[in-house]
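Listed in order, the protein sequences are those of chains A and B. All the letters of the first sequence, read from the start, carry residue numbers 1 to 233 under the working numbering. All the letters of the second sequence, read from the start, carry residue numbers 1001 to 1353 under the working numbering. Report on one structure; see the data block that follows.
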Amino acid sequence: MTAIAIPDLRESVLRALDTVRDPELDEPVTTLGFVASCSATEGSVEVHLRLPTYFCAPNFAFLMVADAFDAVRAVAGVDHAVIVLDDHFAADAINAGVAARAGFVGTFGSEASGELDALRADFVRKAVLAGTDRVCRPLITRGVDVFGLTLGDVPPSSELDTLRARRAEVGLPAHDAAPLLIDVATGERLAEQDLSLHLARARLSRVGVEANVGICRGMLAHRYGSGDNTEET
Amino acid sequence: MYEKDGEKYFVVDSHLHFWDASPSNWIPGQEQFAKGWIECFHAYMSLAPKETHWDIEHFQCYSEQDLMADVFDTGRVDVGILQSTYLRQWYTDGFNTVERNGALAEKHPGKLIVNGRFDPRDGDAGLDQLAADVDRWKLKGVKLYTAEWRGDSRGWKLSDPAAYRYLERAQELGIKNIHVHKGPTIWPLDKDAFDVADVDHAATDFPGLNFVIEHVGLPRIEDFCFMATQEPNVYAGLSVVIGGLMHARPRFFAKVMGELLFWVGEDKMTFGSDYGIWEPKWQIEGFLDWEMPDGDEFADYPRLGTDGKKKILGLNAAKLYGIDVPAECQIADASAPAARDDATLVTGASPSA
Chain A
1 MTAIAIPDLR ESVLRALDTV RDPELDEPVT TLGFVASCSA TEGSVEVHLR
51 LPTYFCAPNF AFLMVADAFD AVRAVAGVDH AVIVLDDHFA ADAINAGVAA
101 RAGFVGTFGS EASGELDALR ADFVRKAVLA GTDRVCRPLI TRGVDVFGLT
151 LGDVPPSSEL DTLRARRAEV GLPAHDAAPL LIDVATGERL AEQDLSLHLA
201 RARLSRVGVE ANVGICRGML AHRYGSGDNT EET
Chain B
1001 MYEKDGEKYF VVDSHLHFWD ASPSNWIPGQ EQFAKGWIEC FHAYMSLAPK
1051 ETHWDIEHFQ CYSEQDLMAD VFDTGRVDVG ILQSTYLRQW YTDGFNTVER
1101 NGALAEKHPG KLIVNGRFDP RDGDAGLDQL AADVDRWKLK GVKLYTAEWR
1151 GDSRGWKLSD PAAYRYLERA QELGIKNIHV HKGPTIWPLD KDAFDVADVD
1201 HAATDFPGLN FVIEHVGLPR IEDFCFMATQ EPNVYAGLSV VIGGLMHARP
1251 RFFAKVMGEL LFWVGEDKMT FGSDYGIWEP KWQIEGFLDW EMPDGDEFAD
1301 YPRLGTDGKK KILGLNAAKL YGIDVPAECQ IADASAPAAR DDATLVTGAS
1351 PSA
C-alpha cells in the first residue's frame, strides 16, 4: 500500500468527521465547530472534540466521540486513532469507554439504563420531521399541493437528499415511489385528515432543532472565543 | 410597572434566583461540578446584550442589594417569584434554598414570593419537610428539578409513584403551582429527565394543579408544545426563551414565540427573567417593543398584541398566584376571547383570583 502523505491523511480524516453528526442538532461536528484539533503523524491520528458547555448531555457526547472513533478508524491509512473529548464533566469516562469500545453501559455502568440506539433513532425521526418542513415549505409557498406527492415527484435539492438519507437511516421508505408525507413512526402514508397537523409538527420540529443549534453555537462561541456569535440578519 | 404608548403593564417576574455559588460554598471534592455549574450559567449570560454582562465573581454571588436594584429599581418588576434550587451535592449551604430565598422574601413583603421544592427520593421525611416548609413560608408553589443528582441517582420522573405521593400531599397543603425545570444545563445520563412525557401523565392525573414548564422544554420544544396543547393545566415558562434568544437569535426567538403562541396560546405563557442569569430590564423592554416579523416564514403564527403582552408579562402569573393587579393594568375588555381559549384555569390561592 502506498503511504498516504500526511496533509492528505489529515484532510481525509476531516472529511470522515464531516459524516459525524451531533445526533440532537443533526449537523456535522465539523460545521458546528466541535472539532478542536486534528493531527496526523504517519498512520496515527489524534482528534480533539469540544462542546458548548461542561454539562452537555453525556449520552449525545458519547455518541459523537464513538462515531468519530469509528469514522476515523475507517479512513485508509489510519492505523491508530485517539479521540479525546475536552473540557467536559464526563470526559474521562467517555474517552476511556470509547477507546475500550465498552459501549455506553460499559462506560457508565448503573448510571446508564441502556445503550443509545433508541435515543439516536428518536432523534433521526425528529430530523425526518424537520427535513419534511425544509422540503415541503418551498413547495407550499409556490402553491404546490404536497399531499399525494412521492419523493420522486419532488425536484432535486440537497434538502431532499438529506431527507431521504435520514429516512433510510431509520428504515423509513426512501425510494422514488415512496410518499413524501409519512408517519415517521411507522412509515405509513399520511392520512389526508392528518395533513395540517403533520405539517405543523414538521415546522415545529424544525424550529426546535434550529433554535437549539442557535443556542449551542452561541454558547460554543462564548466558551472558546471563536466561531459564530454574531447577530443574525 | 411599565408604560408604553399609553398602556400600563404589570410585571410578574416568575423566575428569579438568589444563589450563592461562590467558592466558599463549594463542597470539597465536588469543586469541579460546583464551578462547572455556575460557569455554565454564566455562559448563558453571554447571550444577553453586552452592556448587561457581569464578571464571574459578581455572578457567583450577588447581594440582596444587587437583586433588589436590578429587579425592582432598574427592572421595575412589580412582583418577583424566587425559585429554590438545592444542589446540596455540590454546594454546602445549597445553591438557593427555600430558607435563603424565604428570608429575603420576608424582608420585602408584597414584592417577593418564595417557592419551595421537593424531591420524592426524600421519602417520608421529605413529606414532613414539605409540610413544615409550607407552614413556615406559606408556599403556593414549588420548583422541581427532575434531573437533580442524588448519590447514584441521576434523576426522577413526575410520573413515579413516589412523586405522586408528593403531588397529592402538596395539593392537600394548598400548593397550586408546580414549576418543573425542563430545559438546558441539567442533564440526565439518559434522555428521560429531559423528556416531558412525565408531565403529561401528572398534569392529566392532577387537574387541580398548574404545571409551569420552565424553559418550555428547550431543546425539546416540539415535545413540550405537543403535550401542552392537550393539557389545559400546563403553562409555558418563558425563562431562557426571552433571555437566551430574543437578543442573540432574534429570528429564532420569533419562531419559538410563534410556535408557543400557536400551540400553547398567550393565556398560558408566563414571563420569567431567570435573574441572575439575565437582568429583567432589557428583556421586558425588548419584549414590549417586539413584534412578530413579516414574511412567509412567520405567516403561520398568531400575532401578539397589547393584551397578549400584558398577560404574558404579568396577568397570567398574577392569576396563578392570586396577586392583586391594579385596575389600570388590567386588560380593557376582559371578556374578549383569547387565542385558543380552551383552558380551564386552575384558580390561584386567593379566593378572588
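Glycine included, each C-beta is placed from N, C-alpha and C at the ideal position. Everything numeric in this text was worked out from a predicted model, so none of it was measured.
Same chain, Cβ closer than 6 Å to PHE1059 of chain B, five either side skipped, listed in chain order: Counting only Cβ-Cβ distances below 6 Å, and skipping sequence neighbours, we find HIS1042.
Which of helix, strand or coil DSSP assigns to ASN1210 of chain B: DSSP places ASN1210 of chain B in strand when its eight states are reduced to three.
Spatial neighbours of SER1153 of chain B in its chain, beta-carbon cut-off 8 Å, leaving aside the 5 residues before and after: Contacts found: ARG1121.
Within chain B, the residues that HIS48 of chain A reaches when beta carbons sit closer than 7 Å: Per Cβ cutoff of 7 Å: no residues; HIS48 of chain A is ~19 Å from chain B at best.
Buried or exposed (CB count within 10 angstroms, at least 16 for buried), LYS1143 of chain B: Taking every protein chain shown into account, the CB of LYS1143 of chain B has 16 or more other CB atoms within 10 angstroms, so this residue is buried.
For MET1257 of chain B, the three-state DSSP class (helix, strand or coil): Looking at MET1257 of chain B - three-state DSSP - the assignment turns out to be helix.
Below-9 Å beta-carbon distance, THR1185 of chain B vs any chain A residue: For THR1185 of chain B, the pLDDT reaches just 48, beneath the cut-off of 50, and the residue's location in the model is therefore unreliable, although a value from the coordinates is still provided. By this cut-off, THR1185 of chain B is an interface position.
Bridge-paired residues (DSSP) for GLU1003 of chain B: DSSP output for GLU1003 of chain B lists B:LYS1008 as bridge partner(s).
Rounded distance between the beta-carbons of GLN1171 of chain B and PHE1206 of chain B, thought under 8 Å: Yes, PHE1206 of chain B and GLN1171 of chain B are in contact; Cβ-Cβ is about 7 Å, under 8 Å.
Under 8 Å from the C-beta of GLY1036 of chain B: neighbouring residues of chain A: Identification of chain A residues near GLY1036 of chain B by a Cβ-Cβ cut-off of 8 Å yields TYR54, PHE55 and PHE89, ordered along the chain.
Inter-stretch contact (C-beta, 8 Å, three-pair minimum) for the stretch 8 to 28 of chain A and the stretch 64 to 79 of chain A: Verdict: yes, contact present.
Distance cut-off 8 Å: THR30 of chain A Cβ against heavy atoms of the ligand HEM: Here there are no bound small molecules, and the ligand HEM is not part of this structure.
Positions along the stretch 194 to 214 of chain A whose CB lies within less than 8 Å of some CB in chain B: Of all residues in the stretch 194 to 214 of chain A, only ALA200, ARG201, ARG203, LEU204, SER205, VAL207, GLY208, VAL209, GLU210, ALA211, ASN212 and GLY214 place a beta-carbon less than 8 Å from a beta-carbon of chain B.
Between the CA atoms of VAL1134 of chain B and LEU1167 of chain B - distance to the nearest angstrom: A straight-line Cα-Cα distance of about 13 Å links LEU1167 of chain B and VAL1134 of chain B.
Interface residues of chain A facing VAL1256 of chain B [CB-CB closer than 9 Å]: Taking the beta carbon of VAL1256 of chain B as reference, the chain A residues within 9 Å of it are VAL207, GLY208 and ALA211, listed in sequence order.
Interfacial residues, the stretch 1056 to 1068 of chain B to chain A, with Cβ spacing under 7 Å: Correct list: empty, as no residue qualifies.
Chain B contact for LEU129 of chain A (CB, 9 Å cutoff): Yes, contact with chain B.
Cutoff 9 Å: MET64 of chain A Cβ touching any chain B Cβ: MET64 of chain A does not count as touching chain B.
Assigned exposure category for SER1084 of chain B - 16 Cβ within 10 Å defines buried: Label assigned to SER1084 of chain B: buried.
Among B:GLY1110, B:LEU1238, B:GLY1272 and B:PHE1252, the one whose alpha carbon lies nearest that of ARG217 of chain A: When each option's Cα is compared against that of ARG217 of chain A, the closest is B:PHE1252.
Min CB distance PRO1219 of chain B to chain C below 9 Å: Although the question refers to chain C, the structure presented lacks it and instead comprises the protein chains A and B.
Secondary structure, alpha helix (DSSP H): runs of 4+ residues fully inside the stretch 145 to 227 of chain A: As summarised for the stretch 145 to 227 of chain A, the continuous alpha helix (DSSP H) elements at least 4 residues long and confined to that stretch are 158 to 169 and 195 to 224, given in chain order.
Burial state of PRO1280 of chain B (16 or more Cβ within 10 Å): Buried is the call here.
Collapsed DSSP secondary structure at ILE1175 of chain B in the structure displayed: Coil at ILE1175 of chain B, not helix or strand.
DSSP beta-bridge partners of ARG1150 of chain B: In the DSSP output, where bridge partners are listed per residue, ARG1150 of chain B has B:SER1153.
C-alpha gap between PHE55 of chain A and ARG1303 of chain B, whole angstroms: Each residue's alpha carbon lies about 36 Å from the other.
Three-state secondary structure assigned by DSSP to TYR1235 of chain B: The DSSP-derived three-state label of TYR1235 of chain B is strand.
Chain-ordered residues of the stretch 20 to 41 of chain A with a beta carbon less than 8 Å from chain B: Residues are counted here when their Cβ sits less than 8 Å from a Cβ of chain B; for the stretch 20 to 41 of chain A these are GLU24, given in chain order.
Minimum Cβ-Cβ distance from ALA96 of chain A to chain B less than 9 Å: False, the Cβ-Cβ gap to chain B never drops below 9 Å.
Unbroken stretches of the alpha helix (DSSP H), 4 residues or longer, contained in the stretch 74 to 105 of chain A: Counting only runs of 4 or more, we get 91 to 99.
The stretch 1022 to 1034 of chain B contacting the stretch 1088 to 1103 of chain B, beta-carbon criterion three pairs below 8 Å: Taking 8 Å as the limit for Cβ pairs, the verdict is that the stretch 1088 to 1103 of chain B does touch the stretch 1022 to 1034 of chain B.
Any chain A beta carbon closer than 9 Å to LEU1047 of chain B: By this cut-off, LEU1047 of chain B is an interface position.
Contacts that CYS1329 of chain B makes with chain A (C-beta to C-beta distance below 8 Å): Result: empty, since nearest Cβ-Cβ is about 31 Å, beyond 8 Å.
Supposed close pair GLY1272 of chain B, SER1014 of chain B - CB separation, criterion 8 Å: Their Cβ separation, rounded to whole angstroms, is 4 Å, which keeps GLY1272 of chain B and SER1014 of chain B in contact under 8 Å.
Contact with chain B by GLY103 of chain A, beta-carbon distance below 9 Å: No, GLY103 of chain A lies away from the interface with chain B (no Cβ there is under 9 Å from its Cβ).
PRO28 of chain A (DSSP reduced to helix, strand or coil): Looking at PRO28 of chain A - three-state DSSP - the assignment turns out to be strand.
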